[in-house]
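**Q** Input: one structure, supplied below.
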Amino acid sequence: GPDRTFTYFIPSNATLLPGHAVWVPLLSRQVAGVVFALLDTTDIEGIRPVAGLQDPNPVLAQHQLELARWLSLETQCSLYEAALLMLPFDYRRRLSSYVGLPTERPKVVEARAEMTEQEKRILDVLEQRGTTEQERLLRSVKGPAAGALKRLVRDGLVWQEWQWGRPRARPLYAEQLYLNVADAGAAEEELKNAPRQRALLAHLITEGVVDAALARKEFGASAVTGLRKRGLLTIEQERRVRDPLAGQEFEQESPLTLTASQATSVSAIEADLAGPNSKTFLLQGPTGSGKTEVYLQALAACIAGGKRGIMLAPEISLTPQLIARLEGRFPGRVGLLHSGLTPGQQYDTWWRIRQGDYDVVLGSRSAIFVPQPDVGLIILDEEHEWTYKQADAIPRYHARAVARKLGELIGATVVLGSATPDVGSYYNALRHDYQLLTLPDRVRPGPDMRPLVTDLAEVEVVDMREELKAGVRSIFSRALSDALEDTLRHGQQAILFLNRRGSAGTVQCRDCGHVLRCRRCETPLTYHAEGDRLICHQCGRKHRTVANCPRCRSGRIRFLGLGTQRVVQDVERTFGVQALRWDRDAARGRDAHDEILGRFTRGEAQVLVGTQMVAQGLHLPNVTLVGVVLADLGLHLPDFRAGERAFQLLCQVAGRAGRGADPGRVVVQTYTPEHYAIQAGARQDYEAFYDVEIQLRREHHNPPFTRIVRFLFQHTNPGYAEREAHRWGITLSENLQSQGLTEVEVVGPAPAFPARVRGRYRWQVLLRVPPTPAVEMPALLASLAVPPTWTVDVDPVTLV
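Residue numbering for the sequence shown follows my numbering, beginning at 424 and increasing consecutively.
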């Protein structure tokens, strides 16, 4: 459970410190653990010794142990689950038991007559296979055999040891050839009858050191062996660093001249960096207002003061442009770490971060836990993005909350930046929990690199209901179609945004009305023309396209709705140009994001069609038109944050237009043009949106006026799932009432949305907890004794 520890004694031949990674016995097995504290005495009897060290040095610093304790309490995970986020990359592997027969076996032969059949079977398997992983052995022996194996180990007839499973990555070494000769001329003469050896020697004389693998490939393995036997070269193993940025060239840049508001923001951050206390800043300004330049100059000030920085981006797709800006300003001093790298690149980068090789580390959500030494500045770009919350794995943390706590523990300054801040963040800034820094104008560098104030893109909202009345059946309104033609004619580029993948969102029978749904989920299947498949976007299961209705056998199947694939098809058919698609389906490969963005940046296509990936932080000066194909998607979901999400996406994608010298234009297509999120998003007016949204939150007791805890239960039996949900709802209410916590509201139980995913029926119960000193979240959750079959999500970013 949260903050739970076990006590072991330290063997006399070992020295342990807090932060050491160890092996310890737990029941009948050995497990990995982390030392959190040392005690002089204990009242616990019969404690067992620590089995061994994983590393002679502590792997976690004191502030990391404190961060793990906080994270464990805040997210209701175990201490080890919290600490695992900070452990070295190669520690995240499985510890396995291996068993085998001793070399000398007379004792085994003598004891065999007294053995059970299970014990004999175990010995027979080990005779045949030799040393075997324990789990594999037990699977090979029919019937329960764990007890029999335990007796054999106890009696010394079978040995057992614990070994790490094969790591995902390890150090990479390569052989290097070094010249080992004093008189090169004499050596060459000696080799006149060995032309390959002589050619390799000449190459070594020129280069000094040669990669052995390349030498064997070019000159032959026999040439390498021959020179080595003659003593003319030596072979040494050298560590190779797998750098994800190796081979890339970045244009060096100088700091830009700042606007008055940018200069004020940088000065405020610099003052905090120089001071004894750490603040959290919220940097807010429209898209294109120069937030990245503020980050860069703040990082420069941080580094000049002898500190280092961590910068987070919400999506891997954003890192190419950010890494170019960072490398342009801090060449060779930037580390990149995210899940899109190879395991070897992640391994080498993690250890290089720990030894202080980088002034700045750029990464996605989990990079907040890297062991960057002497951190003075932590930056979260696009802080409003939901991807900063780890919602599908334990611990369910939010990188923004972790950044604030880390800043508090180590005295680092935290900067949260966004054109459309999270409503809770802006509320905290207005209450002075954060310091608000505002960049009011969109800017771009002028001819002399001085900032020029530019206008936001012109926005036109199109009521698609009126388009239908006028007889328009295309997915493009007349305004968007005309704007696209004009953009293409002038050789400029356009982005078309639709936050739905595939070709058709619903497949329906025209005769009986049956909608094809996933057999494991409650969601309609989406048709993907690419591959001619029906795909469930909840579980990812693929189905063949049907020619006949599975219910009435009619052949009148209708494809309704649209997705990014359909938009690409219609663009290419209607306008006769190539369109690139950027969504999760198109960007599956390791370098797919970079490749798609690179092709569009180089002008290989004039139109880019995409989901929310195209809405975030991209600087594309030749894009003068953005078309929002359907702004209503997600707007009417059963989630109090639906309006905020729609507004943020609309503002962000509109901000991609007009970032160069040419003015930008945005066409927003919607069936609900009167909605406040659409209206404010079209004007990119954050304050107008916030004023309406915060009032709605206050009226309905939603965050930031309360904190929400979501309890989720899933089961394959629908009746059992419903009964368990009602039982837990009653238990919660009674528990809160007995504690006198009448201000804590229980909402539900109710079916979750969607109600069934991957064959499991889902029910949820919500708690609305007022942020008062009388109710501390960790203490409240600890008092509830949540059953382990329930998932707990504190401060969920979505309820669907």
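Where is the CB? At the ideal position from N, CA and C, for every residue including glycine.
Can you tell me whether residue 677 is helix, strand or coil according to DSSP?
**A** Correct three-state label for residue 677: coil.
**Q** Could you tell me the boundaries of the alpha helix (DSSP H) in which residue 1112 lies?
**A** 1109-1122 is the span of the alpha helix (DSSP H), which, as asked, contains residue 1112.
**Q** Assign residue 1026 to buried or exposed, taking buried as 16 or more other Cβ atoms, counted over all protein chains shown, within 10 Å of its Cβ.
**A** Residue 1026 comes out exposed.
**Q** On the CB-based measure, 16 or more other CB atoms within 10 Å of its CB, does residue 1123 come out buried or exposed?
**A** Exposed, by the Cβ-count rule.
**Q** Specify, as a first and last residue, the run of the alpha helix (DSSP H) that residue 734 falls within.
**A** First-last for residue 734: 731-735, but that is the beta strand (DSSP E), not the alpha helix (DSSP H).
**Q** Residue 799 bridges to which residues according to DSSP?
**A** BP columns for residue 799 are empty, so no partner.
**Q** What are the uninterrupted segments assigned as alpha helix (DSSP H) that are 4 or more residues long and contained completely in the stretch 479-553, given in chain order?
**A** Counting only runs of 4 or more, we get 485-498, 502-507, 529-534, 540-552.
**Q** In the DSSP output, which residue or residues are listed as bridge partners for residue 950?
**A** Note: residue 950 sits in a beta bridge opposite 927, 957.
**Q** Figure out for me which residue from 1086, 946, 1066 has the closest Cα to the Cα of residue 1179.
**A** Out of 1086, 946, 1066, 946 has the C-alpha closest to the C-alpha of residue 1179.
**Q** Which of the three DSSP states, helix, strand or coil, is assigned to residue 1034?
**A** The answer is coil: DSSP assigns residue 1034 none of H, G, I, E or B.
**Q** Taking three-plus beta-carbon pairs below 8 angstroms as touching, is the stretch 1027-1036 in contact with the stretch 996-1005?
**A** Flag = yes, the stretch 1027-1036 and the stretch 996-1005 touch.
**Q** Which residue from 439, 540, 431 puts its Cα closest to that of residue 466?
**A** That would be 431, whose Cα lies nearest to the Cα of residue 466.
**Q** For residue 703, count neighbouring Cβ atoms within 10 angstroms of its own Cβ and tell me buried if that reaches 16, exposed if not.
**A** Label assigned to residue 703: buried.
**Q** Quick one: Cα of residue 448 to Cα of residue 534, how far?
**A** Distance between the alpha carbons of residue 448 and residue 534 is about 28 angstroms.
**Q** DSSP beta-bridge partners for residue 841?
**A** DSSP, once it has assigned bridges, lists 707 as partnering residue 841.
**Q** Spatial neighbours of residue 714 within its chain, please: CB distance less than 7 angstroms, with the 5 preceding and 5 following residues excluded, ordered by chain position.
**A** Counting only Cβ-Cβ distances below 7 angstroms, and skipping sequence neighbours, we find 706, 708, 840, 862.
**Q** If residue 786 sits next to residue 735, beta carbons under 8 angstroms apart, how far is it from one beta carbon to the other, in whole angstroms?
**A** 6 angstroms between Cβ atoms; contact.
**Q** Count the other C-beta atoms from every protein chain shown that fall within 10 angstroms of the C-beta of residue 470, then say buried if there are 16 or more, exposed otherwise.
**A** Residue 470 is exposed by the Cβ-count criterion.
**Q** Identify every residue that forms a DSSP beta bridge with residue 973.
**A** Residue 973 is not bridged to any residue.
**Q** On the CB-based measure, 16 or more other CB atoms within 10 Å of its CB, does residue 487 come out buried or exposed?
**A** By the 10 Å Cβ count, residue 487 comes out buried.
**Q** With a 10 Å radius around its C-beta and 16 neighbouring C-beta atoms as the bar for buried, classify residue 963 as buried or exposed.
**A** Looking at its Cβ environment, which holds fewer than 16 other Cβ atoms inside 10 Å, residue 963 is exposed.
**Q** Scan the stretch 1123-1175 and note each continuous alpha helix (DSSP H) run of 4 residues or more that stays entirely inside, going in chain order.
**A** Counting only runs of 4 or more, we get 1141-1161.
**Q** When the distance is taken between beta carbons, is residue 824 closer than 7 angstroms to residue 803?
**A** The answer is no: Cβ separation not under 7 angstroms.
**Q** Per DSSP, what are the beta-bridge partners of residue 779 in this structure?
**A** Partner(s): none; residue 779 has no beta bridge.
**Q** How big is the Cα-Cα spacing for residue 1044 and residue 845?
**A** Residue 1044 and residue 845: Cα-Cα distance of roughly 27 angstroms.
**Q** Taking the C-alpha atoms as reference points, what is the distance between residue 1074 and residue 895?
**A** So the two alpha carbons sit approximately 27 angstroms from each other.
**Q** Anyone know if the C-beta pair for residue 1030 and residue 1079 falls short of 7 angstroms?
**A** In this structure, residue 1079 does not lie closer than 7 angstroms to residue 1030 by Cβ.
**Q** Can you give me the C-alpha to C-alpha distance between residue 889 and residue 1057, rounded to a whole angstrom?
**A** Each residue's alpha carbon lies about 21 angstroms from the other.
**Q** Would you please state the rounded distance, in angstroms, between the beta carbons of residue 624 and residue 633? I believe it to be under 8 angstroms.
**A** About 10 angstroms separates the two Cβ atoms, so there is no contact after all.
**Q** Taking contact to mean 3 or more Cβ pairs, one atom from each stretch, closer than 8 angstroms, check whether the stretch 740-754 and the stretch 714-728 are in contact.
**A** With a cut-off of 8 angstroms, the stretch 714-728 and the stretch 740-754 count as touching, because enough Cβ pairs lie within range.
**Q** What does the alpha-carbon distance come out to for the pair residue 444 and residue 1156?
**A** Taking the straight line joining both Cα atoms gives about 41 angstroms.
**Q** Beta carbon of residue 653, beta carbon of residue 647: below 7 angstroms?
**A** The answer is no: Cβ separation not under 7 angstroms.
**Q** Here's the rule: buried if 16 or more other CB atoms are within 10 angstroms of the residue's CB, otherwise exposed. What is residue 762?
**A** Residue 762 should be labelled exposed.
**Q** Which ranges would you report for the alpha helix (DSSP H) in the stretch 853-915 if only whole runs of at least 4 residues count?
**A** Segments of the alpha helix (DSSP H) lying fully in the stretch 853-915: 887-892, 901-912.
**Q** Could you give the uninterrupted runs of the beta strand (DSSP E) lying entirely in the stretch 982-1012, keeping only those of 3 residues or more?
**A** The stretch 982-1012 contains these whole beta strand (DSSP E) runs: 1002-1005.
**Q** Any idea what DSSP makes of residue 819, helix, strand or coil?
**A** Residue 819 falls in the coil class under three-state DSSP.
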